[in-house]
Amino acid sequence: MEKKIEIIAVDFDGTLCSECYPAIGMPNLPLFALLKGARRQGKKVILWTCRCGDLLEEAVAWCRMFGLEFDAVNENVAQTLEQYGTESRKISADVYIDDKACWPWMTKQEWEQYLAG
18 MEKKIEIIAV DFDGTLCSEC YPAIGMPNLP LFALLKGARR QGKKVILWTC
68 RCGDLLEEAV AWCRMFGLEF DAVNENVAQT LEQYGTESRK ISADVYIDDK
118 ACWPWMTKQE WEQYLAG
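Sequential numbering from 18 applies to the sequence shown in the working numbering.
Pasting the structure below:
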(Lines of atoms letter the chains of each structure in order from A and count residues from 1; the text may use other names and numbers.)
(Lines give C-alpha, C1' and ligand atoms only; values in the text may rest on other atoms or scores of the structure.)
Protein backbone atom coordinates (compact mmCIF):
# COMPACT_ATOMS: atom_id res chain seq x y z
CA MET A 1 0.00 0.00 0.00
CA GLU A 2 1.40 3.39 -1.00
CA LYS A 3 1.52 6.14 1.58
CA LYS A 4 -0.66 9.10 0.74
CA ILE A 5 1.27 12.37 0.68
CA GLU A 6 -0.61 14.91 2.79
CA ILE A 7 2.10 17.04 4.42
CA ILE A 8 5.17 18.48 2.67
CA ALA A 9 8.02 20.15 4.57
CA VAL A 10 10.27 22.37 2.45
CA ASP A 11 13.54 24.12 3.22
CA PHE A 12 14.23 27.71 2.15
CA ASP A 13 17.92 28.44 1.44
CA GLY A 14 19.24 26.30 -1.39
CA THR A 15 15.78 24.83 -2.00
CA LEU A 16 13.05 27.45 -2.52
CA CYS A 17 15.79 29.88 -3.52
CA SER A 18 19.43 29.59 -4.52
CA GLU A 19 21.88 29.57 -1.62
CA CYS A 20 23.05 33.05 -0.64
CA TYR A 21 22.24 33.34 3.07
CA PRO A 22 21.62 35.75 4.74
CA ALA A 23 20.42 37.33 1.50
CA ILE A 24 17.68 35.65 -0.53
CA GLY A 25 18.77 34.02 -3.77
CA MET A 26 16.96 33.41 -7.04
CA PRO A 27 13.56 31.68 -6.79
CA ASN A 28 13.16 28.02 -7.69
CA LEU A 29 10.06 28.70 -9.80
CA PRO A 30 9.33 25.05 -10.72
CA LEU A 31 9.26 24.16 -7.02
CA PHE A 32 7.01 27.15 -6.25
CA ALA A 33 4.59 25.93 -8.95
CA LEU A 34 4.67 22.38 -7.56
CA LEU A 35 3.96 23.50 -3.99
CA LYS A 36 1.18 25.91 -4.98
CA GLY A 37 -0.43 23.08 -6.93
CA ALA A 38 -0.09 20.75 -3.96
CA ARG A 39 -1.85 23.27 -1.72
CA ARG A 40 -4.67 23.60 -4.28
CA GLN A 41 -5.07 19.81 -4.02
CA GLY A 42 -5.49 20.14 -0.26
CA LYS A 43 -1.99 19.15 0.80
CA LYS A 44 -0.35 21.01 3.69
CA VAL A 45 2.98 22.78 3.13
CA ILE A 46 5.34 23.60 6.00
CA LEU A 47 8.29 25.96 5.65
CA TRP A 48 11.10 24.20 7.53
CA THR A 49 14.17 26.41 7.77
CA CYS A 50 16.96 27.44 10.13
CA ARG A 51 16.07 31.10 9.54
CA CYS A 52 14.58 32.91 12.50
CA GLY A 53 13.56 36.41 13.55
CA ASP A 54 13.61 39.09 10.85
CA LEU A 55 15.30 36.76 8.35
CA LEU A 56 12.46 34.27 8.74
CA GLU A 57 9.83 36.98 8.34
CA GLU A 58 11.59 38.18 5.17
CA ALA A 59 11.63 34.64 3.76
CA VAL A 60 7.91 34.11 4.41
CA ALA A 61 7.05 37.51 2.87
CA TRP A 62 9.27 36.75 -0.14
CA CYS A 63 7.49 33.43 -0.73
CA ARG A 64 4.15 35.21 -0.45
CA MET A 65 5.28 37.56 -3.27
CA PHE A 66 5.46 34.46 -5.48
CA GLY A 67 2.02 33.31 -4.36
CA LEU A 68 3.15 30.63 -1.92
CA GLU A 69 1.51 30.55 1.51
CA PHE A 70 2.41 28.07 4.23
CA ASP A 71 0.17 26.07 6.52
CA ALA A 72 2.88 26.25 9.19
CA VAL A 73 6.34 27.74 9.61
CA ASN A 74 8.93 25.79 11.61
CA GLU A 75 6.18 23.95 13.47
CA ASN A 76 3.76 21.11 12.86
CA VAL A 77 0.38 21.63 11.23
CA ALA A 78 -2.74 21.49 13.42
CA GLN A 79 -3.76 17.99 12.27
CA THR A 80 -0.42 16.58 13.49
CA LEU A 81 -0.79 18.27 16.87
CA GLU A 82 -4.32 16.87 17.16
CA GLN A 83 -3.16 13.39 16.16
CA TYR A 84 -0.18 13.15 18.54
CA GLY A 85 -1.18 15.66 21.21
CA THR A 86 2.25 17.25 21.44
CA GLU A 87 4.70 19.43 19.53
CA SER A 88 8.02 17.74 18.89
CA ARG A 89 11.24 19.36 17.73
CA LYS A 90 11.08 17.36 14.51
CA ILE A 91 8.52 18.53 11.98
CA SER A 92 6.24 15.66 10.97
CA ALA A 93 5.76 15.42 7.20
CA ASP A 94 5.26 12.78 4.53
CA VAL A 95 7.91 14.37 2.28
CA TYR A 96 10.90 16.59 3.12
CA ILE A 97 12.26 18.74 0.27
CA ASP A 98 15.73 20.01 1.18
CA ASP A 99 18.94 20.69 -0.76
CA LYS A 100 20.87 18.82 1.93
CA ALA A 101 18.74 15.68 1.71
CA CYS A 102 19.80 12.39 0.16
CA TRP A 103 18.07 9.15 -0.68
CA PRO A 104 18.33 6.83 2.37
CA TRP A 105 17.98 3.60 0.39
CA MET A 106 21.28 3.84 -1.50
CA THR A 107 23.52 0.79 -1.62
CA LYS A 108 26.63 0.64 0.58
CA GLN A 109 28.77 1.43 -2.47
CA GLU A 110 26.58 4.42 -3.41
CA TRP A 111 26.80 5.71 0.18
CA GLU A 112 30.58 5.39 0.19
CA GLN A 113 30.82 7.32 -3.08
CA TYR A 114 28.40 9.96 -1.83
CA LEU A 115 30.21 10.44 1.50
CA ALA A 116 33.60 10.57 -0.23
CA GLY A 117 32.37 13.61 -2.15
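All C-beta atoms, glycine included, are put in the ideal place defined by N, C-alpha and C.
Excluding its 5 nearest sequence neighbours in each direction, residue 98 has C-beta neighbours in its own chain below 8 Å: 104, listed in chain order. By the neighbour-count criterion, in which 16 or more other beta carbons inside 10 Å mark a residue as buried, residue 120 falls on the exposed side.
By the beta-carbon neighbour count (other beta carbons within 10 angstroms, threshold 16), residue 22 is exposed. For residue 50, the closest C-alpha among the options 72, 80 and 95 is that of 80. Rounded to whole angstroms, the gap between the alpha carbons of residue 30 and residue 42 is 8 Å. DSSP, read as helix, strand or coil, puts residue 94 in coil. With contacts defined by Cβ atoms closer than 8 Å, residue 32 and residue 45 form a contacting pair.
A straight-line Cα-Cα distance of about 15 Å links residue 116 and residue 132.
Per DSSP, the beta bridge partners of residue 34 are 30 and 44.
Within the same chain, and ignoring the five residues on either side of residue 77 in sequence, the residues whose Cβ sits closer than 8 Å to its Cβ are 64, 87 and 90.
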